[in-house]
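Just so we're aligned, residue 1 is where the sequence shown starts under the numbering used here, counting upward by one. Beta carbons: idealized from backbone N, C-alpha and C, even for Gly.
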Amino acid sequence: MSQCPFTHLLDLDAYVNGMPYADLGKLRQQGSFVKFDDPDNGVPYWAAVKRDALDFVSQNPDLFSSAEKGPFPMEMPPEQAAIQEVMNENFIISMDPPRHMKYRKVVRDAFTPRAVAAMEPWLRAQAKAIVDRVAAKGECEFVEDVAAELPLIAILEVLGVPQEDRKQFFEWTNVMAFADDPDVATGIDEGNAVSMEVIMYAIELAKKQRENPTSQVVQALLEGEVDGVKVTEEMFAWMFILIMVGGNESTRTATAHGMRLLMENPDQLQHLVDHPEDIPMAVEEMLRYNTAFIAMRRTATQDIEWNGYNIKKGEKVVLHYHAVNHDEDVFGDDAMQFDIHRHKRHQAINREHRAFGIGEHFCLGMNLARLELRIIFEEMIPRLRNPKFAGDVTYMRSFFINTIKAMPITFDPETRAAA
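Here is the structure:
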């Protein structure tokens, strides 16, 4: 069993000072899978820390189940077993084939590439307004004032939620996603209670949208069918909560880390000021270098032998996306360096990152996420000039989502209206 300076990969304090890149690099030297004890929960697990292992697990759902113990890496206490069973029954990411694809198709049909592309003018106007609110001040708390805004505004618009409820949903999604952080929530009970509030909100929203449709996405979801049965308000509510948290937290996280990385590498930031056409390429490196989701879980459905590793039926397997996205065998000896030019130098498909996963559970929102990231950086980079850290960068206490809690910054105040 491997040991790390921070105990193990599902230690809640493992990432409170940022991603431990060097320690993850040492793990990759041990092999594609690394076996860990879990002194906190008593459930040992295999961690996929190189891309070949992650791809093998992700592309073989018959061997590695999302449904059996759920897709979330944490262990639920016994008193939460009933709640976990309900979540595993209703969340799309908790389903195995063929059931998973039936529900996934409903969401996929609502988020077509064409529908996402049509949002670009509206998203750009929103992004410009976000930058407008801070540009003249010369300072901001970047996470809440900038990074969190566009993903939340966009997902609320997509789901037909009034923008005046934005603050409420910012707080709700924080509590649901980061119930283990004492600065955010009192614990998992509060997280579950908030989840139920959001589900009740979504059920009422579905009723209103059936009577007076204002959202094409919600309409498409409600018109969807699974095995010939129309999507019910309750089914919609579970889709809603997953889309809300996933669409909000992940892009907010990628935006905050992307800005942090550019500030830590001012030469690369200056390149993007001079060459904004390279921003889409830079976004891919941001996604690779600091992937929003840290880890997901699978459970072995049978005894498995793969490349000398023997995983037994029922054993827990953790997919560690950060370790995988720095795999030297894929991205080269400089894999732990942030380099916005990496994807220009290495365009071969075998160097693709796994920020959105792979296999049948790959992220359905990746087109929207990429669009939002491109637009917000295209709006920010020309206007928030010479950004500097104005205090400590603090991180959420989580081994699930790699979120920056706060990042105060300063920049040159904009003295004239942006063109």
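Looking only at its chain, what residues have a beta carbon closer than 8 Å to the beta carbon of residue i, apart from the 5 residues adjacent to it on each side?
| i | result |
| --- | --- |
| residue 400 | 72, 73, 74, 177, 293, 294 and 295 |
| residue 426 | Any property of residue 426 remains undetermined from this structure, which presents the chain solely from 1 to 419. |
| residue 43 | 75 and 316 |
| residue 166 | 152, 153 and 156 |
| residue 310 | 303 and 304 |
| residue 231 | 106, 221, 222, 223, 224, 225 and 239 |
| residue 197 | 172 |
| residue 227 | 102 |
| residue 219 | 209 and 213 |
Consult DSSP for residue i and reduce its assignment to one of helix, strand or coil.
| i | result |
| --- | --- |
| residue 420 | In the structure as shown, the chain begins at 1 and stops at 419. Residue 420 is therefore absent and cannot be evaluated. |
| residue 319 | strand |
| residue 19 | coil |
| residue 362 | coil |
| residue 34 | strand |
| residue 124 | helix |
| residue 410 | strand |
| residue 415 | coil |
| residue 348 | Confidence is the limiting factor: at residue 348 the pLDDT is only 49, short of 50, which leaves the residue's position unreliable, though a coordinate-based value still follows. Coil at residue 348, not helix or strand. |
| residue 7 | strand |
| residue 113 | helix |
| residue 221 | helix |
| residue 94 | helix |
| residue 212 | coil |
| residue 357 | coil |
| residue 267 | helix |
| residue 202 | helix |
| residue 41 | coil |
| residue 29 | coil |
| residue 24 | helix |
| residue 14 | coil |
State yes or no: is the beta carbon of residue i nearer than 8 Å to at least one beta carbon in chain C?
| i | result |
| --- | --- |
| residue 400 | The structure shown contains no chain C; it holds only a single protein chain. |
Need the endpoints of the alpha helix (DSSP H) that residue i sits in, please.
| i | result |
| --- | --- |
| residue 252 | 233-264 |
| residue 109 | 99-110 |
Identify the continuous beta strand (DSSP E) that holds residue i and give its terminal residues.
| i | result |
| --- | --- |
| residue 141 | 139-141 |
Within the same chain, show all residues whose beta-carbon is closer than 6 Å to that of residue i, passing over the 5 residues directly before and after it, in chain order.
| i | result |
| --- | --- |
| residue 45 | 36, 316 and 318 |
| residue 143 | 256, 404, 406 and 407 |
| residue 391 | 408 |
| residue 335 | 326 and 328 |
| residue 135 | 383 and 414 |
| residue 343 | 281 and 284 |
Only counting the same chain, and skipping five residues up and downstream in sequence, which positions put a Cβ closer than 7 Å to that of residue i?
| i | result |
| --- | --- |
| residue 19 | 290, 322 and 402 |
| residue 360 | 61, 97, 100 and 101 |
| residue 140 | 134, 146 and 409 |
| residue 67 | 88, 94, 95 and 96 |
| residue 412 | 138, 385 and 386 |
Practice problem: Quick one: which unbroken alpha helix (DSSP H) runs of 4-plus residues sit fully inside the region 380-408? Chain order, please. | Solution: The region 380-408 contains no whole alpha helix (DSSP H) run of 4 or more residues.
Self-check item: the region 202-216 contacting the region 43-56, beta-carbon criterion three pairs below 8 Å
Solution: Counting C-beta pairs closer than 8 Å gives fewer than three between the region 202-216 and the region 43-56, which falls short of the contact rule.
Self-check item: 4 or more residues per run - each alpha helix (DSSP H) lying fully within the region 44-81
Solution: For secondary structure counted as the alpha helix (DSSP H) over 4 or more consecutive residues, the region 44-81 holds these complete runs in sequence order: 51-58.
Self-check item: Within the region 269-344, ranges of the beta strand (DSSP E) (whole runs, at least 3 residues)
Solution: Those beta strand (DSSP E) runs which fall completely within the region 269-344 and span 3+ residues are 295-300, 304-306, 309-311 and 316-320.
Self-check item: At least 3 beta-carbon pairs within less than 8 Å: the region 108-120 vs the region 82-94
Solution: By the Cβ criterion, the region 108-120 is not in contact with the region 82-94, since fewer than three pairs of Cβ atoms, one from each stretch, lie closer than 8 Å.
Exercise. Would you check if there are 3 or more beta carbon pairs closer than 8 Å linking the region 241-249 to the region 277-289?
Key: By the Cβ test, the region 241-249 is not in contact with the region 277-289, since fewer than three Cβ pairs between them sit closer than 8 Å.
Quiz item: Fully enclosed by the region 117-199, which beta strand (DSSP E) runs are 3 residues long or longer?
Solution: Counting whole runs of 3 or more residues, the region 117-199 contains the beta strand (DSSP E) stretches 139-141.
Exercise. Check whether the region 269-280 touches the region 370-390, counting contact only when three or more Cβ pairs, one atom from each stretch, lie closer than 8 Å.
Key: These segments touch.
Quiz item: Can at least three beta-carbon pairs, one atom from the region 327-347 and one from the region 245-258, be found at a separation below 8 Å?
Solution: Not touching, per the Cβ criterion.
Quiz item: Okay, do the region 261-274 and the region 364-374 touch, 3+ Cβ pairs below 8 Å being the bar?
Solution: Contact between the region 261-274 and the region 364-374 is not established, with fewer than three Cβ pairs separated by less than 8 Å.
Quiz item: Any contact of the region 135-147 with the region 256-267, i.e. 3+ C-beta pairs under 8 Å?
Solution: With a cut-off of 8 Å, the region 256-267 and the region 135-147 count as touching, because enough Cβ pairs lie within range.
Exercise. Please determine if the region 387-397 and the region 172-189 are in contact, where contact requires at least 3 C-beta pairs separated by less than 8 Å.
Key: Yes, since at least three Cβ pairs between the region 387-397 and the region 172-189 fall closer than 8 Å, the two stretches touch.
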